[in-house]
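Asks:
2 protein chains.
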Amino acid sequence: MDILSIISAKREGLRLSREQIHHAVQGFTAGRIPDYQMSALLMAICLRGMDLRETVDLTEALVASGRKLDLSDVPGPKVDKHSTGGVGDKTTLVAAPIAAAAGVTVAKLSGRGLGHTGGTLDKLESVPGLRTILSPAAIVEQAGRIGLVVAGQSGEMVPADKKLYALRDVTGTVASIPLIAASVVSKKVAGGPDGVVLDVKAGSGAFMKTLDAARELAVCLVEVARGLGLKATALVSDMDQPLGRAVGNALEVAEAVDVLSGTGPDDVRELSIALAARMLAMAGEAGIEAAKRRATEVLDDGAARKKLAEMIEAQGGDAQAATEPDGFLPRAKFLSEVTSPSGGVVAAIEAEAVGCAARELGAGRMRAGDAVDPAAGITLERKVGQTVEKGEALAVLHTSREETLENAARLVEAAYSIQPEAPTGRPLLLDVIE
Amino acid sequence: MDILSIISAKREGLRLSREQIHHAVQGFTAGRIPDYQMSALLMAICLRGMDLRETVDLTEALVASGRKLDLSDVPGPKVDKHSTGGVGDKTTLVAAPIAAAAGVTVAKLSGRGLGHTGGTLDKLESVPGLRTILSPAAIVEQAGRIGLVVAGQSGEMVPADKKLYALRDVTGTVASIPLIAASVVSKKVAGGPDGVVLDVKAGSGAFMKTLDAARELAVCLVEVARGLGLKATALVSDMDQPLGRAVGNALEVAEAVDVLSGTGPDDVRELSIALAARMLAMAGEAGIEAAKRRATEVLDDGAARKKLAEMIEAQGGDAQAATEPDGFLPRAKFLSEVTSPSGGVVAAIEAEAVGCAARELGAGRMRAGDAVDPAAGITLERKVGQTVEKGEALAVLHTSREETLENAARLVEAAYSIQPEAPTGRPLLLDVIE
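First to last, the protein sequences are chains E and Y. Going left to right, the first sequence walks through residues 1 to 434 as the working numbering numbers them. Going left to right, the second sequence walks through residues 435 to 868 as the working numbering numbers them.
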């Protein structure tokens, strides 16, 4: 078996065998297969596709390249949650505490975003003192003790995925559903849960711009996860406008705490309950409606907020961040309002443009390794469907770098579409792949 | 303009602009664009294709990467000849002397084969003393003085093609008609002729296995050459069985001399006359029938053989190699007959298998830079349509490495298909693209 025949087979549109896929992944990870051959194979996969069996084999090969987290000593059901990424998506900080408060262990290995704002790790690290770099033993211990832990993935897990993703990023080979699915599912499998609930975003602020594309990815993710022995359910949710009002690391933690305190935006609450309910239903006997009632219960009685506080404390942060976030989270030095140039109804908010503005303000990174400003970001004062008078605030910008305000304000103003009439909105929850 | 957007555009099936193509080629040649990005782009081109305009732009960018041979001081018409490569194809050594003897200047820049036997340069170098590494000034001088020169391409010509081809070779991206056409035509343009006659091979011993594929390549080659301002005609010729009887470097020179002496195999004579006639017709006023008569005339009256002798002498070889090749060409130490396991009619001779056997015997190279054995090769004692008794010779193997005989014999025996009935053959000349 040689890599050239594997590349040629995929170029001709043939299915690769399990042996061929493992040979390519192992050789590439070990450095025997050079980047230039792997990138040719990746482009052939982008254009010729991979069927389910090939994608499962690829995922398995990625997992096999590193270590897995062993949660077998943690009693009870373990369920993970994953979002394909959107602007203002802080549902992990709500749904995971709900699930944990209701008795499902959530040991989530998360990443740092290369997107508009940081990833879940960056968001959590805006809580002063909170550590996300934990040893496997510490992750397992905390999972067993309080049922909730969110930590960074160690370099020893799925190294093949890291190397492959870095190559895809610079060779125009990111946009492939089988490659995306293998990357996502390999990381989930390595985290050792019984199952995973996936939140696939669709819309202008998501990687998948259309509902059809998002649905296709969701189906692939669920099938591949099951092919690797994981339970899986996917929600397809709207990302045409940012989720909630807060975009930025500390701002999003504060909003998550608001939701856990019963005061946050409805959309974040609705999607978090939907995700948590799927996690509960996956873990136990309860049907989805009973799970939804149970999720709402532990959210409304404060148990979920208490669980988040326990996790923050366990990871070195001050638990009061989960009760009085305003006093315990960093605040930006410069705040600036973006006002509406006209009166009317907000017809749309381009999520991607808002994300770009947040990154401009310091909330995200341009390159891996860049630091993020935990306090930077945007709070949206108007969401789709709300009315605004000319000169009233559309959003507030937060940054420690004053010079970024002008450009960010331009981006945010352009992101808003103000119309005379209210738009016909689409629901937040677009589909469920069970 | 950045390479990632160029890769993505081609991945999506878009046409690349002239600027995008030049940016990619220049950046790659200068080392600013790494191999792994170029190989992704090459695979996208393999699978998405390139239209004529893109292919012409690519060819132009390859030519622009290096120097061109300036033949403008050489009076009269200058016509080049190119074959896409087959087993036993020694027509350059016949057609070019015919054309030169009839008054057309042929200054051919040739390559070393990575195939089953050497390229034209390797074949010529089997003549003791003959040099193929000539300075541009020496090439122009010889072209002006005797009208015939065959030399190696200098490293300063089309360096982008050399670098690109080396990458294609190891990334499964050779099989692309636009990429093949750009590579071939760029080298022809750099050689500075007025026009080129192409011999596109079709069959088991050729890169293009089917007539349709060969015809498609021939049309593309002609259109791209014309797009670069070159006159162009292509013949499509059969390569289902080896051409002539000799396969191997010195053996093929000897057979070419036989043809120039009126005693060689009919198929080599027929194709060489057809190619030379196209070269004459391209150079002058004469129609193709008059050109064929003229080509036959200078072949039959010995003028073409005399021209080859002049060229051999001009390049440092002994001119007697063109009159008494047996005494002036190296001979192999070990000769061994392959006999027929059954009686019947030769229905087919797998050209590729014969080529592999010749390489095994030392006539070709496995890696660039390997030396070839000038005396090694195969002489076919039976061609398609001829009868053979059980135990009679099918072929004779020539080598200086006795240990290769057994495996080569097995390959050659398996290459022959012996049937009770004569096959319905296909003509040597399959099509002409004018």
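All C-beta atoms in this analysis are idealised placements derived from N, C-alpha and C, irrespective of residue type, glycine included. Remember, it's a predicted structure, so these values are computed and weren't measured experimentally.
Less than 8 Å separating the beta-carbons of residue 533 of chain Y and residue 710 of chain Y?
Replies: For residue 533 of chain Y and residue 710 of chain Y, yes; Cβs fall inside 8 Å.
Asks: Within the same chain, show all residues whose beta-carbon is closer than 7 Å to that of residue 685 of chain Y, passing over the 5 residues directly before and after it, in chain order.
Replies: If we look at residue 685 of chain Y and ignore the five residues flanking it on each side, its Cβ neighbours are 811, 813, 832.
Asks: Could you give the residue range of the beta strand (DSSP E) that holds residue 417 of chain E?
Replies: Start and end: 416–419.
Asks: Could you tell me which whole beta strand (DSSP E) segments of length 3 or greater appear in the stretch 559–603 of chain Y?
Replies: Within the stretch 559–603 of chain Y, the complete beta strand (DSSP E) runs of at least 3 residues are 582–586.
Asks: Can you tell me the Cα-Cα spacing of residue 389 of chain E and residue 346 of chain E, whole angstroms?
Replies: Their Cα atoms are separated by approximately 11 Å.
Asks: Thinking just about the alpha-carbon of each residue, which of E:74, E:312, E:363, E:178 is nearest to the one in residue 53 of chain E?
Replies: The shortest Cα separation from residue 53 of chain E among E:74, E:312, E:363, E:178 belongs to E:178.
Asks: Output yes or no for whether 8 Å exceeds the beta carbon distance between residue 62 of chain E and residue 25 of chain E.
Replies: Yes; because the gap between Cβ atoms is below 8 Å, this pair is in contact.
Asks: Name, please, each residue of chain E whose Cβ falls closer than 8 Å to the Cβ of residue 599 of chain Y.
Replies: Within 8 Å Cβ-Cβ: nothing; residue 599 of chain Y doesn't reach chain E, min ~14 Å.
Asks: Looking at the unbroken alpha helix (DSSP H) that takes in residue 181 of chain E, where does it start and where does it end?
Replies: 177–190 is the extent of the alpha helix (DSSP H) around residue 181 of chain E.
Asks: Is it buried or exposed, residue 477 of chain Y, if we count other Cβ atoms within 10 angstroms and call 16 or more buried?
Replies: It counts as buried.
Asks: Between Y:809, Y:782, Y:482, Y:452, which has its C-alpha nearest residue 638 of chain Y's C-alpha?
Replies: Of the candidates Y:809, Y:782, Y:482, Y:452, the one whose C-alpha sits nearest the C-alpha of residue 638 of chain Y is Y:782.
Asks: Is any beta-carbon of chain E found at less than 8 Å from that of residue 435 of chain Y?
Replies: Answer no: the Cβ-Cβ gap between residue 435 of chain Y and chain E never drops below 8 Å.
Asks: Using the Cβ count rule (16 or more neighbours within 10 Å means buried), how would you classify residue 333 of chain E?
Replies: Residue 333 of chain E is exposed by the Cβ-count criterion.
Asks: Less than 8 Å between the CB atoms is what I'm expecting for residue 314 of chain E and residue 142 of chain E, so what's the real figure, rounded?
Replies: Indeed, because the Cβ distance is near 5 Å, the residues count as touching under 8 Å.
Asks: Use the C-beta contact count for residue 133 of chain E: other C-beta atoms within 10 angstroms, 16 or more gives buried, fewer gives exposed.
Replies: By the 10 Å Cβ count, residue 133 of chain E comes out exposed.
Asks: Just to confirm the assignment, what range does the alpha helix (DSSP H) spanning residue 631 of chain Y have?
Replies: Per DSSP, residue 631 of chain Y belongs to no alpha helix (DSSP H); it is in the beta strand (DSSP E), 629–636.
Asks: Is the beta carbon of residue 865 of chain Y closer than 8 Å to that of residue 619 of chain Y?
Replies: No, the pair does not count as a contact, with Cβ atoms beyond the cut-off.
Asks: Helix, strand or coil, according to DSSP, for residue 238 of chain E in the structure here?
Replies: Note: residue 238 of chain E maps to strand in three-state DSSP.
Asks: Are there 16 or more other CB atoms within 10 angstroms of the CB of residue 776 of chain Y, so buried, or fewer, so exposed?
Replies: Residue 776 of chain Y is exposed by the Cβ-count criterion.
Asks: Ignore the nearest five residues each way along the sequence and tell me which others in residue 715 of chain Y's own chain have a CB closer than 7 Å to its CB.
Replies: Cβ neighbours of residue 715 of chain Y beyond the five flanking positions: 721, 722, 725.
Asks: I'd like to know whether the C-beta atoms of residue 108 of chain E and residue 96 of chain E end up nearer to each other than 8 Å.
Replies: The answer is yes: Cβ separation under 8 Å.
Asks: Using a Cβ-Cβ cut-off of 8 Å, state whether residue 469 of chain Y counts as contacting chain E.
Replies: Yes, residue 469 of chain Y counts as interfacial toward chain E.
Asks: Which chain E residues are close to residue 606 of chain Y, counting only those with a beta carbon under 7 Å from its beta carbon?
Replies: Within chain E, the residues near residue 606 of chain Y are 4, 7, 8, 11, 40.
Asks: Return the CA-CA distance between residue 72 of chain E and residue 188 of chain E, expressed in angstroms with no decimal places.
Replies: Using only the alpha carbons, I get a separation of about 15 Å.
Asks: The stretch 764–797 of chain Y: which residues have C-beta closer than 7 Å to a C-beta of chain E, in chain order?
Replies: Within the stretch 764–797 of chain Y, no residue qualifies.
Asks: Between residue 601 of chain Y and residue 473 of chain Y, how many whole angstroms is the CB-CB distance? I'm expecting something under 8 Å.
Replies: With 8 Å as the limit, residue 601 of chain Y and residue 473 of chain Y qualify as a contact, their Cβ atoms being about 6 Å apart.
Asks: Could you compute how far the alpha carbon of residue 301 of chain E sits from the alpha carbon of residue 101 of chain E?
Replies: So the alpha carbons of these two residues sit roughly 10 Å apart.
Asks: Please report the Cβ distance between residue 668 of chain Y and residue 660 of chain Y, rounded to the nearest whole angstrom; I am assuming they are in contact, meaning their Cβ atoms lie under 8 Å.
Replies: Contact flag wrong, Cβ pair sits at about 11 Å.
Asks: So, helix, strand or coil for residue 758 of chain Y, using DSSP?
Replies: Coil at residue 758 of chain Y, not helix or strand.
Asks: By the three-class DSSP mapping on this structure, what secondary structure does residue 768 of chain Y have?
Replies: In this structure, residue 768 of chain Y counts as strand in the three-state DSSP scheme.
Asks: Give me the subset of the stretch 176–194 of chain E whose CB atoms are less than 9 Å from a CB atom of chain Y, sorted by chain position.
Replies: So nothing in the stretch comes that close.
Asks: Round the Cβ separation of residue 408 of chain E and residue 360 of chain E to the nearest angstrom and send it over; I've been treating them as touching at under 8 Å.
Replies: Yes, they are in contact, since the Cβ atoms of residue 408 of chain E and residue 360 of chain E sit about 5 Å apart, within 8 Å.
Asks: Return the first residue and the last residue of the beta strand (DSSP E) that residue 395 of chain E is part of.
Replies: Start and end: 393–399.
Asks: Can you look up residue 208 of chain E in the DSSP assignment and give me helix, strand or coil?
Replies: Strand at residue 208 of chain E.
Asks: Does the separation of the CB atoms of residue 678 of chain Y and residue 514 of chain Y fall below 8 Å?
Replies: The answer is no: Cβ separation not under 8 Å.
Asks: Assign residue 818 of chain Y to one of three DSSP states: helix, strand, or coil.
Replies: Looking at residue 818 of chain Y - three-state DSSP - the assignment turns out to be coil, as it is neither helix nor strand.
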